[in-house]
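K.L.:
I'd like to ask you about the structure that follows.
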Amino acid sequence: MLRFLQLVAILGGSTLGVEAVFETTYHSFPLAVQPFTVIERSPHYDPHDTNLFLVCPNGGAVAEPGAAIYKSSGELVWANSTFGNCYDLNLQTFNGRDYLTMWVGAGSAAVGGQMGFGTVLMMNSNYEVVMNVSAVNPEGTDLHEFKIVEPENKTALLTAFHTIPMNLSSIGGPVNGWYSNGVIQEINIATGAVLFNWTTFDHIDLAESYNNISLTGQGSSEENPFDAVHINSIDKDREGNYIISARHSQAIYKIAANGTILWRLGGKMSDFTAIGNGTEFHWQHHARWRMNESHISLFDDGAAVLVSTVNIIDEPVATGKYLKVDQEAMTVSLTKQFFPGPNRNYTLAEGSMEFYQDTVLVGYGLLPWTEAYSFDTEELLFSAVVGPNNAALWKISGISNYRAFQTSTLTFTGHPTRPPNVSVTNGDIYVSWNGATHVASYTLLTGSSVGNVSERLTSVPKTGFETKIPAKGTAEFIAVAALALNGSTLGRSAVYDMSDGTIASS
Ligand SMILES: *[C@@H]1O[C@H](CO)[C@@H](O)[C@H](O)[C@H]1NC(C)=O
Ligand SMILES: *[C@@H]1O[C@H](CO)[C@@H](O)[C@H](O)[C@H]1NC(C)=O
Ligand SMILES: *[C@@H]1O[C@H](CO)[C@@H](O)[C@H](O)[C@H]1NC(C)=O
Ligand SMILES: *[C@@H]1O[C@H](CO)[C@@H](O)[C@H](O)[C@H]1NC(C)=O
Ligand SMILES: *[C@@H]1O[C@H](CO)[C@@H](O)[C@H](O)[C@H]1NC(C)=O
Ligand SMILES: *[C@@H]1O[C@H](CO)[C@@H](O)[C@H](O)[C@H]1NC(C)=O
Ligand SMILES: *[C@@H]1O[C@H](CO)[C@@H](O)[C@H](O)[C@H]1NC(C)=O
Ligand SMILES: *[C@@H]1O[C@H](CO)[C@@H](O)[C@H](O)[C@H]1NC(C)=O
Ligand SMILES: *[C@@H]1O[C@H](CO)[C@@H](O)[C@H](O)[C@H]1NC(C)=O
Ligand SMILES: *[C@@H]1O[C@H](CO)[C@@H](O)[C@H](O)[C@H]1NC(C)=O
Ligand SMILES: *[C@@H]1O[C@H](CO)[C@@H](O)[C@H](O)[C@H]1NC(C)=O
Ligand SMILES: *[C@@H]1O[C@H](CO)[C@@H](O)[C@H](O)[C@H]1NC(C)=O
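Just so you know, the sequence shown maps onto residues -20 to -1, 1 to 486 in mature numbering (1 follows the signal peptide of the UniProt record, and there is no 0).
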């Protein structure tokens, strides 16, 4: 019953507001989609514009939430809002093929809309959904994690949760209280079989939580369970152990395949000795093993919104942290730290840190900043914001992006099954091809009968998501062909009637 409610303030909804005017609408395609506003870009960064950023704009100021792909230039490459709210858009390999993966669904009203109830879609490079993956018992996948386990790439790690009764009196809550039980599962993607199933209730004591029950008022009803642990990422090591990031106990746990917690990093019961400063983190996200499991990267939010009225601020600035974790000496030290620029602030929720060749991409979560750094020098190379560069939107119910990921046109070729779309507006011709990653130019074709639109009028370079072509010299009917850099035709639009801009039936 709780599950049908729209995402509330924290995760956004579809509140049409004044701020929606910031969205861009194209002539040839009716999508209203957030711009990707580039703030800073080093001349050395992505010189051939091959990077593709995978984003899910979300939040109260986003009229039409959905998935989007942008280039470093800010150009929109693909947008699709068919499934509504999405989180965690990424490109991952399954069975030797690349798939766009994303969580879709609604926020659960339980735990203040901070968890999701939905499923994970896997799309091929034609943007067709070919599979969807869900948790099993409990049904419904939470939005926080969907990671395909390398190197076999046959199973996936995902989060789920369910509400159970629990005696919360040890932390000042009701004896007949309610608890949001965090679940992690490893699933065989092809068969749906559950290979690993582990819950916070069975393994993590209430006393480890930093969620102050008297402050947040959670736990008193089934509709408002106590969110003690709040798992937001899962990774797996070569030996088959897991690490999870738990926002509300502010710790990373290493879990053996038999379920035993092997160690805690951070939180109230850390098993590590910190060497030097900067190893502590607060309300963190996206913990991943790096460098042959000698380091852990994480996004250190520094702050949290626990329920809409309770913000806790522990650090002034959110950063990406790269920690050296010595599991023999049981020591941790800060090796690298990536600071936001040009603005600085803590992040109240969400966020990510991912590595691409010699760069590090940090997504600032509720602050919709996407920033790339040199791994070696920690220098900021690229900074962009999902939506306009407007600080008034960098808040709960503004614009957010759970995690920022990247791929490249050298790796991914998006080839939509639908043809390019054309609009004849005020005598001008506009063309776009939503999702096509490798179009270099468009050729305008014309003819005086629907069946013979073959005269090549002009070719123009693609100038953005949508390209304007002069209509000079057109006969009654037109079509537009999309060409690759080598001149080959990638696709061709329907035939349009110049008199009214409609698709002409043959
Ligand atoms: C698994 O996925 C990773 C990342 O995409 C890739 O590097 C690796 O080659 C894949 N392995 C297999 C067996 O497909
Ligand atoms: C969005 O994706 C879905 C699934 O692939 C597809 O059915 C739909 O046509 C797409 N919408 C647009 C506008 O491309
Ligand atoms: C996911 O798969 C299930 C079972 O095949 C189906 O009922 C459901 O509609 C699918 N969801 C989406 C969003 O495609
Ligand atoms: C996962 O564990 C929970 C708690 O022990 C249990 O209720 C649930 O049935 C398990 N799910 C599976 C698929 O084993
Ligand atoms: C609830 O927990 C408290 C503290 O742990 C304990 O003293 C009490 O006996 C428990 N009550 C019930 C009904 O289990
Ligand atoms: C929890 O919140 C209450 C009410 O604001 C406060 O009195 C108490 O000190 C807090 N406890 C902790 C451990 O922060
Ligand atoms: C669980 O696995 C760990 C690590 O492999 C081991 O040290 C521990 O003894 C095991 N516990 C049980 C109950 O089997
Ligand atoms: C850690 O920070 C404290 C206070 O800022 C400082 O006094 C101390 O020298 C620092 N220690 C190291 C090892 O950097
Ligand atoms: C990673 O570490 C393991 C165990 O310490 C070692 O056997 C392996 O050679 C290392 N691999 C690389 C690429 O360094
Ligand atoms: C930091 O974020 C908070 C909460 O959104 C906001 O009130 C504050 O103005 C921000 N500070 C700066 C320096 O932008
Ligand atoms: C794009 O064009 C195709 C036919 O060529 C049409 O079926 C589709 O509805 C158009 N899409 C949009 C979003 O206008
Ligand atoms: C198609 O139109 C071209 C000129 O646009 C003309 O040369 C050609 O003969 C026409 N072909 C047919 C089959 O009508």
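Ideal Cβ positions, reconstructed from N, Cα and C, are used throughout, including at glycine. Keep in mind the model is a prediction, meaning the values are calculated, not measured.
Between the C-alpha atoms of ALA352 and ILE49, what's the straight-line distance to the nearest angstrom?
P.N.:
Distance between the alpha carbons of ALA352 and ILE49: 16 Å.
K.L.:
Excluding the 5 residues flanking VAL84 on each side, which residues of the same chain have their C-beta closer than 7 Å to its C-beta?
P.N.:
So the list reads PHE63, GLY64, ASN65, CYS66, GLY98, THR99 and LEU101, once near-sequence residues are dropped.
K.L.:
Relative to the C-alpha of ASP182, which candidate in GLU202, TRP413, ILE164 and LEU278 has its C-alpha closest?
P.N.:
The shortest C-alpha separation from ASP182 is found at ILE164.
K.L.:
According to DSSP, which residues form a beta bridge with LYS127?
P.N.:
Per DSSP, LEU137.
K.L.:
For LYS134, which of LEU56, TRP413, ASN75 and SER388 has the nearest alpha-carbon?
P.N.:
With distances taken between Cα atoms, LYS134 lies closest to ASN75.
K.L.:
How would you label GLY345, buried or exposed, when you count the other beta carbons within 10 angstroms and need 16 or more for buried?
P.N.:
Result: buried.
K.L.:
If you draw a straight line from the C-alpha of GLN94 to the C-alpha of ALA283, how long is it?
P.N.:
In a straight line, the C-alpha of GLN94 is about 15 Å away from that of ALA283.
K.L.:
Going straight from the alpha carbon of GLY378 to that of THR426, what length do you get?
P.N.:
Those two C-alpha atoms are separated by around 45 Å.
K.L.:
Check whether the segment 212 to 228 touches the segment 183 to 194, taking contact to mean three or more Cβ pairs, one atom from each stretch, closer than 8 Å.
P.N.:
Counting Cβ pairs under 8 Å, three or more are found: they touch.
K.L.:
Restricting to runs no shorter than 3 residues, where is the beta strand (DSSP E) found entirely within the segment 390 to 415?
P.N.:
Whole beta strand (DSSP E) segments, 3+ residues: 401 to 405 and 408 to 412.
K.L.:
What does ASN70 pair with, by DSSP beta-bridge criteria?
P.N.:
DSSP, once it has assigned bridges, lists THR81 as partnering ASN70.
K.L.:
Got a list of residues with beta-carbon closer than 5 Å to any non-hydrogen atom of ligand 10, in chain order?
P.N.:
Answer in sequence order: ASN325 and LYS375.
K.L.:
Does THR196 come out as helix, strand or coil in the three-state DSSP assignment?
P.N.:
The answer is helix: DSSP assigns THR196 an H, G or I state.
K.L.:
Would you call the segment 272 to 288 and the segment 319 to 333 in contact, with 3 or more CB pairs under 8 Å?
P.N.:
Segments in contact, yes.
K.L.:
Under 6 Å, CB to any heavy atom of ligand 7. Which residues pass, going along the chain?
P.N.:
After applying the 6 Å Cβ criterion, the set is ALA236, ASN238 and THR240.
K.L.:
Which same chain residues, not among the five before or five after LEU56, have their C-beta less than 8 Å away from its C-beta?
P.N.:
Closer than 8 Å at the Cβ level, and outside the excluded window around LEU56, lie THR4, VAL13, PRO15, PHE16, ALA48, ILE49, TYR50, GLY444 and PHE445.
K.L.:
Nearest-angstrom Cα distance between TRP178 and GLY239?
P.N.:
If I take the Cα positions, the gap works out to 7 Å.
K.L.:
So does ASN370 have its beta carbon nearer than 7 Å to some heavy atom of ligand 12?
P.N.:
Checking the Cβ of ASN370 against ligand 12 gives no.
K.L.:
Can you tell me whether VAL155 is buried or exposed? The criterion is at least 16 other CB atoms within 10 Å of its CB, across all chains shown.
P.N.:
Exposed, since its Cβ has fewer than 16 Cβ neighbours within 10 Å.
K.L.:
List the whole-angstrom C-beta distance separating ASN381 from VAL35, where the pair is believed to meet the contact cut-off of C-beta under 8 Å.
P.N.:
5 Å between Cβ atoms; contact.
K.L.:
Evaluate contact between the segment 284 to 298 and the segment 408 to 418, counting only Cβ atoms and requiring at least three cross-stretch pairs below 8 Å.
P.N.:
Flag = no, the segment 284 to 298 and the segment 408 to 418 do not touch.
K.L.:
According to DSSP, is HIS228 helix, strand or coil?
P.N.:
The answer is coil: DSSP assigns HIS228 none of H, G, I, E or B.
K.L.:
Quick one: residues in its chain with C-beta nearer than 6 Å to the C-beta of MET146, no 5 flanking neighbours on either side, listed in chain order?
P.N.:
Once the five neighbours on either side are set aside, the close Cβ partners of MET146 are GLY157 and TYR159.
K.L.:
Could you tell me which residues DSSP puts in a beta bridge with GLN337?
P.N.:
BP columns for GLN337 are empty, so no partner.
K.L.:
CA-CA distance, ASN323 and THR469?
P.N.:
About 44 Å.
K.L.:
Considering only heavy atoms of ligand 5, does any lie closer than 7 Å to the CB of SER229?
P.N.:
Not so, every heavy atom of ligand 5 lies at least 7 Å from the Cβ.
K.L.:
Among GLU119, MET82, LEU123 and HIS124, which has the Cα closest to the Cα of VAL109?
P.N.:
It is MET82.
K.L.:
Starting from PHE16, trace the alpha helix (DSSP H) both ways and give me its first and last residue.
P.N.:
Taken as a continuous stretch (DSSP letters only), PHE16 belongs to no alpha helix (DSSP H), being part of the beta strand (DSSP E) at 16 to 21.
K.L.:
What are the uninterrupted segments assigned as beta strand (DSSP E) that are 3 or more residues long and contained completely in the segment 419 to 484, given in chain order?
P.N.:
Within the segment 419 to 484, the complete beta strand (DSSP E) runs of at least 3 residues are 421 to 427, 435 to 441, 446 to 449, 457 to 463 and 469 to 472.
K.L.:
Going by other Cβ atoms of all chains shown within 10 Å of its Cβ, with 16 needed for buried, is GLY367 buried or exposed?
P.N.:
Result: buried.
K.L.:
Apart from the five residues on each side of it in sequence, which residues of its chain come closer than 8 Å, Cβ to Cβ, to ASN369?
P.N.:
The residues are THR17 and ILE19.
K.L.:
Go ahead and pull the three-state DSSP assignment for SER277.
P.N.:
Reduced to three states, the DSSP call for SER277 is strand.
K.L.:
How is the alpha helix (DSSP H) around ASP182 delimited, first residue to last?
P.N.:
Here the alpha helix (DSSP H) through ASP182 covers 180 to 183.
K.L.:
Compute the minimum distance between the beta carbon of GLU132 and the heavy atoms of ligand 1, and state whether it is under 7 Å.
P.N.:
Yes, Cβ of GLU132 sits closer than 7 Å to a heavy atom of ligand 1.
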